[in-house]
Structure formats: C-alpha cells, structure tokens
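Engineer: Numbering (our numbering) for the sequence shown: 5 to 501.
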Amino acid sequence: MKLLEPGEIRDAVENGRPLHMDLSGAGRYETGILVKNLLAVLEATQTRYLAEAVIYILRELVTNGDKANLKRAHFQILGLDPTRVQDYEKGMASFHTALRTRLDEYRAHPAALALQVHVEFQVSQGALTMVVTNPCSLLPQERARIEERLTSAHAAQGLMDSWKKVSDNAEGAGIGLLMVVFMLRNIGVADQACRFHLEPGAPETTVRVTIPLDTVPQALGETLSGRIAEAVESVPPIPDTVRKLRELLDADASFIKVAALIQNDPGLTVSLLKLVNGPLYLLPKRISNITAACSLMGLKGLRTLLLSYGALKAVETRYGRQENLWEHACLCASYARHLAGFLGHPALAEDAHVGGLLHDLGKLVLLDTHPELVRNIERFSLDQGVGGNLLERVALGVSHARIGALMAARWQFPGNIHAAIEFHHRPLVAPAEFQPLCDLVYLANLFCMRHSGDLDFDGAEPSVLARHGIRDETAFHEMGARLEGLFRKQKEKDLLG
Ligand SMILES: [Fe+2]
Ligand SMILES: [Fe+2]
C-alpha cells in the first residue's frame with residue numbers, strides 16, 4: 005500500500021480510469037495512507053467537503069472486509085470449517101477475544117497474509133465510485149445479517165429509531181452498516197448508492213458505493229430541528245458591557261477609557277485581575293490597578309478575555325453552570341494554549357485558549373433540547389468508538405460543534421474562533437486559513453479525552469498528528485503526559501495562590 009502520485013490521480017480522474025489499492029489490513033498505517041489517497045481524489049474533484057462522510061464510509065467498509073478476512077484466518081488457524089454450523093459457532097465463540105488478544109499474531113500468520121482488502125476509486129460520469137472487495141465468499145449467516153441490517157436501515161426514519169432495534173451486534177458490522185446508510189442520507193445520497201453484491205457462493209465479497217459529485221450536503225441551517233433552531237435563536241446576547249468594550253477596542257480607544265468601563269462590571273474586573281496575576285504573566289507582585297492591568301494585557305489579550313468572558317456570561321444566564329462541561333473546557337483551554345507553544349504556534353496561544361474554552365458550548369444547547377439523546381449518543385459513541393459529533397449529525401442533522409459555531413456567529417466572534425469551534429472534531433475539513441488553530445483545539449480536545457481515558461492513540465487523526473510532528477504512539481503519550489503535568493502544576497498553584 006503506497007501513496008498515489010498526484011499525477012497518477014489527476015490522470016485517472018480526468019480519464020475515468022480506476023485507481024487500485026491493496027491493503028493487508030485495516031491497521032492504522034494502511035488506512036492512513038488510504039485516507040490520504042481518498043483526500044487527494046476529493047481534492048482533484050473539488051469535493052473535499054464530502055471528506056468526513058466519505059472517509060467514514062470507506063473506513064467502515066475496509067474494516068468490515070478486514071474483519072471478514074481475519075475471521076477466515078481464525079477458522080483456518082483453529083482448523084475449523086466455517087461453512088459447518090457447529091464449527092461456525094465454535095469459532096465465533098472465540099473470535100472476538102482472539103481479535104483483542106492475538107491481533108498481531110493473526111496479522112503475521114500466512115492464513116491472514118494471503119487475504120487482502122482491495123480498494124478501487126473511480127471517477128466517471130460525474131460520480132465517485134468506491135469498490136471494496138475481500139477475497140472471501142459470504143457465509144449464509146453473514147449474508148442474512150447484512151441483509152437484515154440494510155432492510156431495517158432503509159426502512160428506518162431516523163438513526164435513533166434503528167438503534168433501538170439493533171439488539172444483536174455480536175458481529176460488529178451491523179451498526180457500522182446502519183451508519184453508512186444514514187451517513188449517505190445525511191450528505192444527500194439515496195440509499196441505492198450503496199450496493200452490496202451478496203451472491204451466495206461468489207469467491208469474493210464486494211461493496212460498491214457511488215456518490216454523485218454534485219452531491220451537496222444538506223445545508224445544516226435547514227436541517228435544524230425546531231427545538232434546536234429556536235434554542236440557537238434565543239441564545240442570550242453577550243453582555244452589554246462586553247459588546248461596548250469590544251467596540252472601544254476596535255476604535256483604538258485608550259486603556260484609560262477601557263479600564264473605566266471594565267470597572268463598572270465586577271465580574272469582568274475579577275476575571276481581568278485574576279488573569280494578569282495568574283501564571284501567564286509571572287508578575288513580581290500582584291497588581292490591582294485596572295488601567296495597568298489593561299495595558300499589561302494589551303489589545304489582543306483584552307480581546308481574548310472579552311470573547312471568553314462574554315460567551316460564558318451569556319450561556320450562564322440561560323443554562324446555569326454545568327460543572328463537568330466547565331471542567332473539560334478549562335482543561336482544553338490550558339492544553340490548547342500549551343500546545344500552541346509546543347507545536348510552534350506561539351502567536352496562536354491566546355486564540356487557542358479561547359477556542360479550547362468555548363469549543364463545546366453547543367453541547368449546552370443539545371443538553372437542554374435533547375437530554376436523552378445526548379446521553380444515548382455519549383454511551384453509544386464510547387461503546388462503539390464512533391465520534392459523538394458524527395452521531396449527532398447523523399441523528400439530528402447538526403452537531404454540537406456546528407451549534408457552537410452558530411452561537412459564535414450570533415455574537416459576531418472572529419472567523420478563526422468560529423472555525424476552531426466548528427471544526428474541533430473535523431480538522432480535515434477545516435478552512436485552510438484557520439487550519440493551525442483548528443488543529444490545536446482538535447488536539448487539545450483529544451488530549452483531554454486521553455486524560456479521562458476515553459480515547460487512545462488509534463482515535464487520533466494520523467495526518468493531523470503527522471503535520472505537528474507527533475510521529476508515533478510514544479510521542480503522543482509523552483505529549484499527553486507533559487500537558488497533564490503542566491495542568492496539575494497550574495492547579496496546585498491556583499489552590500495555593
Ligand atoms: Fe466537542
Ligand atoms: Fe470537548
């Protein structure tokens with residue numbers, strides 16, 4: 005498996021020729037290269053905005069093909085014949101444990117090495133077709149399960165609907181398939197675009213997904229459910245003082261004028277003094293003069309303070325203070341700020357802090373409008389390793405990240421903060437001009453999840469890690485530990501101070 009040459013991709017796209025790739029497994033390295041090739045194809049067809057859904061679908065199909073191959077290898081290693089009912093049951097009883105405990109051994113086994121997953125991309129007649137093939141014929145049990153899942157997915161109105169009906173997910177692929185169908189629907193592609201060729205006894209299993217290139221993901225604003233749209237519409241404005249202060253700063257007013265206005269707002273005064281006397285400024289002695297504090301912070305620092313203070317005040321008046329979200333926000337802000345320094349973007353430290361602090365604001369709205377759904381999604385996403393953000397979009401047509409961005413737009417926040425909120429789970433599709441900041445907030449959030457044990461190395465986007473020099477699992481965990489250490493120290497200092 006190798007990266008395709010840009011010339012080869014261009015040529016294939018222009019002439020409708022298929023591009024072929026063979027994967028020896030759905031491991032991180034190989035799928036990483038596969039995703040890069042797919043992104044290059046999307047780039048060449050100016051459809052990069054389809055990336056998230058298309059990448060998800062491809063990964064899902066390749067993982068299923070790989071699992072089917074490993075299953076055949078498992079039966080061969082155990083000397084069982086999967087076509088015999090008794091042998092099948094016996095083999096399946098140990099298959100999932102074997103995958104968890106002996107994966108490397110299985111991958112290196114000649115029985116598995118002989119089975120590859122073949123992927124083909126072809127752009128022709130205005131559509132991108134992805135074909136995933138693995139050299140195993142489907143067993144009747146597998147075929148029946150896939151058909152049942154597809155039928156129920158096609159009949160279901162919404163994802164939540166079908167989740168409830170999926171009780172048996174012993175073979176994993178069921179839920180993934182549901183997601184593929186809903187994902188296609190979500191980007192506006194008809195169910196028929198995903199075709200499984202399930203001929204019994206055929207020497208291989210083939211799945212073909214055709215995505216018309218004029219597909220336009222549903223404009224998210226239009227899919228907002230009534231309750232969410234209303235909630236976003238009624239998000240309180242940022243406090244008046246903050247709005248006036250932002251105008252003063254934009255008009256280059258003197259710090260004396262700015263300080264006079266800040267003094268009228270006790271909450272803002274406390275936040276400002278806490279910040280300048282905190283670990284960021286390392287002052288020899290505490291200062292309490294507001295004008296001095298303002299000039300110390302400078303224009304950029306004050307703008308940053310106003311953004312976070314304004315947003316938090318606005319949501320607090322409406323939703324109260326949600327302690328667990330608040331803790332996560334503070335942790336993420338601290339990680340994002342430090343990452344800006346560690347990864348060579350010191351000038352972005354302030355913006356990274358604000359992005360980290362505000363990235364999950366949209367969750368407040370979702371928790372308010374769909375509390376049960378949020379809990380289900382959280383549980384499901386941890387169980388199945390599917391991103392919660394993606395599940396929200398498939399289930400509701402909108403994610404907390406997008407809702408947060410809509411809130412930031414209502415408050416007229418600058419474009420970079422807006423983007424950092426909107427793309428904190430989707431760094432691959434962030435606008436190029438804001439990519440560094442979006443990456444920082446994305447990574448900070450990942451390291452927070454690592455901190456709470458909800459994510460391991462495999463959950464991180466390889467290309468984002470690579471572009472910031474986090475080369476392997478060791479480097480990833482070292483960075484995580486470093487961030488945790490710094491946050492702990494800062495917390496101890498805060499407690500003492
Ligand atoms: Fe998030
Ligand atoms: Fe988060």
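Note that beta-carbon positions come from the ideal geometry of N, C-alpha and C, so glycine has one too.
Model, not experiment: these values are computed from the prediction.
Closest to methionine 411 by C-alpha separation, out of Arg471, Ala344, Leu370 and Gly391, would be which residue?
Structural biologist: Reading the sequence shown from its first residue, position 407 is the one you call residue 411. That would be Leu370, whose Cα lies nearest to the Cα of methionine 411.
Engineer: Let me see if you follow: with CB-CB separation under 7 Å, is tyrosine 33 close to chain C or not?
Structural biologist: Protein chain content of the structure displayed is limited to a single chain, and chain C is not contained in it.
Engineer: Is aspartate 364 near ligand 4, with its Cβ less than 6 Å from a heavy atom?
Structural biologist: With respect to ligand 4, the structure shown offers nothing to examine, as its ligands consist of ligand 1 and ligand 2.
Engineer: Can we say the stretch 288-304 touches the stretch 316-330, given the rule of at least three CB pairs closer than 8 Å?
Structural biologist: No: the two stretches stay apart, fewer than three of their Cβ pairs being nearer than 8 Å.
Engineer: Just reading off the beta strand (DSSP E) that glutamine 126 is part of, what are its end residues?
Structural biologist: On the sequence shown, residue 126 is found 122 positions in, with the first residue counted as 1. Residues 121-128.
Engineer: Among the residues of its own chain, which have a CB less than 8 Å from the CB of alanine 413, if the five just before and after it don't count?
Structural biologist: In the sequence shown, counting from the first residue as 1, residue 413 sits at position 409. Correct list, in chain order: His422.
Engineer: First and last residue of the alpha helix (DSSP H) that includes valine 468?
Structural biologist: Against the sequence shown, residue 468 aligns to sequence position 464. Taken as a continuous stretch (DSSP letters only), the alpha helix (DSSP H) holding valine 468 covers 466-471.
Engineer: Who are the Cβ neighbours of tryptophan 415 in its own chain at under 6 Å, not counting the five residues just before and after it?
Structural biologist: The count along the sequence shown starts at 1 and reaches residue 415 at position 411. For tryptophan 415, where only same-chain residues beyond five positions count, the Cβ hits under 6 Å are Ile242.
Engineer: If you drop the 5 nearest sequence neighbours on each side, which residues of the same chain put their C-beta closer than 6 Å to that of tyrosine 33?
Structural biologist: Taking the sequence shown and counting its residues from 1, the one referred to as residue 33 is at position 29. Around tyrosine 33: no qualifying Cβ.
Engineer: Since asparagine 393 and histidine 429 are thought to touch, with beta carbons under 8 Å apart, how far apart are those beta carbons, to the nearest angstrom?
Structural biologist: By 1-based counting over the sequence shown, the position of residue 393 is 389. By 1-based counting over the sequence shown, the position of residue 429 is 425. 4 Å between Cβ atoms; contact.
Engineer: Taking its Cβ as the centre, do 16 or more other Cβ atoms sit within 10 Å of valine 89, making it buried, or is it exposed?
Structural biologist: For this step, residue 89 is matched to residue 85 along the sequence shown. By the neighbour-count rule (16 or more Cβ atoms within 10 Å), valine 89 is not buried but exposed.
Engineer: Have a look at glycine 11 and aspartate 443 and give me their C-alpha separation to the nearest angstrom.
Structural biologist: Position 7 of the sequence shown, counted from the start, is the residue given in the question as residue 11. Position 439 of the sequence shown, counted from the start, is the residue given in the question as residue 443. Approximately 28 Å, taken between the alpha carbons.
Engineer: How long is the line joining the alpha carbons of leucine 272 and histidine 342, rounded to whole angstroms?
Structural biologist: Counted from its first residue, the sequence shown places residue 272 at position 268. Counted from its first residue, the sequence shown places residue 342 at position 338. Answer to the nearest angstrom: the Cα atoms are 24 Å apart.
Engineer: Using three-state DSSP, classify alanine 115 as helix, strand or coil.
Structural biologist: On the sequence shown, residue 115 is found 111 positions in, with the first residue counted as 1. It is helical.
Engineer: Could you pull the start and end residues of the alpha helix (DSSP H) that proline 216 belongs to?
Structural biologist: Residue 216 sits at position 212 when you count from the first residue of the sequence shown. Here proline 216 belongs to no alpha helix (DSSP H); instead the beta strand (DSSP E) covers 209-216.
Engineer: So leucine 74 and alanine 116 are in contact, right, with Cβ under 8 Å, and what is the actual spacing, rounded?
Structural biologist: As a first step, residue 74 is located in the sequence shown; it is residue number 70 there, counting from the start. As a first step, residue 116 is located in the sequence shown; it is residue number 112 there, counting from the start. Contact flag correct, Cβ pair sits at about 6 Å.
Engineer: Indicate whether valine 184 and glutamate 56 have their beta-carbon atoms separated by less than 7 Å.
Structural biologist: Position 180 of the sequence shown, counted from the start, is the residue given in the question as residue 184. Position 52 of the sequence shown, counted from the start, is the residue given in the question as residue 56. For valine 184 and glutamate 56, no; Cβs fall outside 7 Å.
Engineer: For the alpha helix (DSSP H) containing histidine 404, list its first residue and its last residue.
Structural biologist: What you label residue 404 is simply residue 400 of the sequence shown in a count that begins at 1. Per DSSP, histidine 404 belongs to the alpha helix (DSSP H) from 404-414.
Engineer: As a quick exercise: from Tyr60, Ala448 and Val193, pick the residue whose alpha carbon is nearest that of alanine 337.
Structural biologist: Counting from 1 along the sequence shown, the entry for residue 337 is found at position 333. Closest by alpha carbon: Ala448.
Engineer: Would you mind reading off the limits of the alpha helix (DSSP H) that contains threonine 245?
Structural biologist: Locating residue 245 in the sequence shown gives position 241, counting from the first residue. Threonine 245 -> alpha helix (DSSP H) spans 244-254.
Engineer: Which term fits asparagine 68, buried or exposed, when burial requires 16 or more other beta carbons within 10 angstroms of its beta carbon?
Structural biologist: Sequence index remark: in the sequence shown, residue 68 carries index 64 (1-based). Classification of asparagine 68: buried, given that the 10 Å Cβ count is 16 or more.
Engineer: How is alanine 131 classed by DSSP in three states: helix, strand or coil?
Structural biologist: As a first step, residue 131 is located in the sequence shown; it is residue number 127 there, counting from the start. Three-state DSSP puts alanine 131 in a strand.
Engineer: Taking the Cβ atom as the reference point for each residue, do alanine 270 and glutamine 494 lie within a distance shorter than 7 Å?
Structural biologist: Locating residue 270 in the sequence shown gives position 266, where the first residue counts as 1. Locating residue 494 in the sequence shown gives position 490, where the first residue counts as 1. Checking the displayed sequence, the identity of residue 270 turns out to be proline instead of alanine. Contact: no.
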